[in-house]
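With the working numbering applied, the sequence shown covers 20 to 219. Every residue, glycine too, gets a C-beta built ideally from N, C-alpha and C.
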Amino acid sequence: MAEDDDEPGGPLALREVARPPDAYEAEYMAGEGTVLYRDKSRAPWPLHAIMALAGLGIVIPALMAPGGILGAALGLPVLGLVWMLFSVLRVTVSEGHINVQYGLFGPKIPIAAVESAEAVQYDWTRFGGWGIRMNRDGEWIYNMPGDGGRAVKVVWRDGKGKRRVTYIGSAQSENLAEQIGVAQAALPPGARQASLPSGD
């Protein structure tokens with residue numbers, strides 16, 4: 020949340036209200052300045068069950084076919100890596116950035132580049148499912164099953180001035196949008212749009 024400085028008209032002093040970071044967030048998503056929001060969404064158990072079945076689909080044929088062990092030795096690590104990468108969606112909001120990571124992938128959006136951020140209901144069929152998706156309008160979504168169709172729609176401009184729309188799936192969409200607004204309100208007067216290479 021934001022607190023006014025002691026002097027009238029002074030800059031906003033931000034107080035960290037986010038939960039403590041896990042080891043990954045501390046190392047790779049530390050944020051710039053005060054961190055206002057952290058969220059971590061895990062894949063629901065049906066998705067884990069599907070991945071486990073896929074693993075069995077690799078192991079069972081490998082045990083039954085000559086030379087199949089080599090295929091399993093190659094296939095299982097790849098499946099394990101995919102499982103690890105896409106089982107967690109992390110979001111942080113700090114004074115400087117909105118950082119979204121689905122596994123290792125996702126945008127780091129400068130707060131100064133954000134035009135608007137609002138909590139919305141979305142239809143996952145517009146994006147063709149869950150995960151990292153782009154719809155026909157060029158809008159990206161980072162979502163996980165279980166968010167109840169709730170997201171924050173972030174409209175921002177990249178370093179080339181191109182308008183981008185990114186949806187961040189979150190069961191706490193109202194709080195996420197609020198904390199983005201807090202970070203925007205704390206920007207120094209006349210803060211220029213930060214640069215970000217084109218592309219999500």
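- If you look at serine 135, you'll find it in the beta strand (DSSP E) that goes 133–140.
- Secondary structure at methionine 48: coil, using DSSP grouped into helix, strand and coil.
- Taking C-beta separations shorter than 7 Å and ignoring five residues to either side along the sequence, the partners of arginine 38 in its chain run Arg57, following chain order.
- Phenylalanine 146 is not a Cβ neighbour of isoleucine 128, given a cutoff of 8 Å.
- Using a Cβ distance threshold of 8 Å, glycine 122 and methionine 163 do not count as a contacting pair.
- Between glutamate 114 and glutamate 51, the CB-CB gap stays under 8 Å.
- When Pro207, Ala49 and Ser60 are compared, the shortest CA-CA separation from alanine 170 is found for Ser60.
- Judged by their CB atoms, threonine 111 and methionine 153 are not nearer to each other than the 8 Å cut-off.
- If you look at alanine 170, you'll find it isn't in any alpha helix (DSSP H); it sits in the beta strand (DSSP E) that goes 169–176.
- Its Cα nearest to that of phenylalanine 124, the residue Gly150 stands out among Trp143, Met83 and Gly150.
- With respect to the 8 Å criterion, leucine 108 and alanine 202 are not classified as neighbours on the basis of their beta carbons.
- Its chain contains Ala132, Glu134, Arg182, Arg183 and Gln212 as the residues whose beta carbon lies nearer than 8 Å to that of arginine 176, once the 5 sequence neighbours on both sides are disregarded; these appear in chain order.
- Close CB contacts of valine 174 within its chain, under the 7 Å cut and outside five residues either way in sequence, are with Glu134, Ser135, Arg182 and Val184 (chain order).
- Annotation for asparagine 162: the continuous beta strand (DSSP E) segment containing it runs 159–162.
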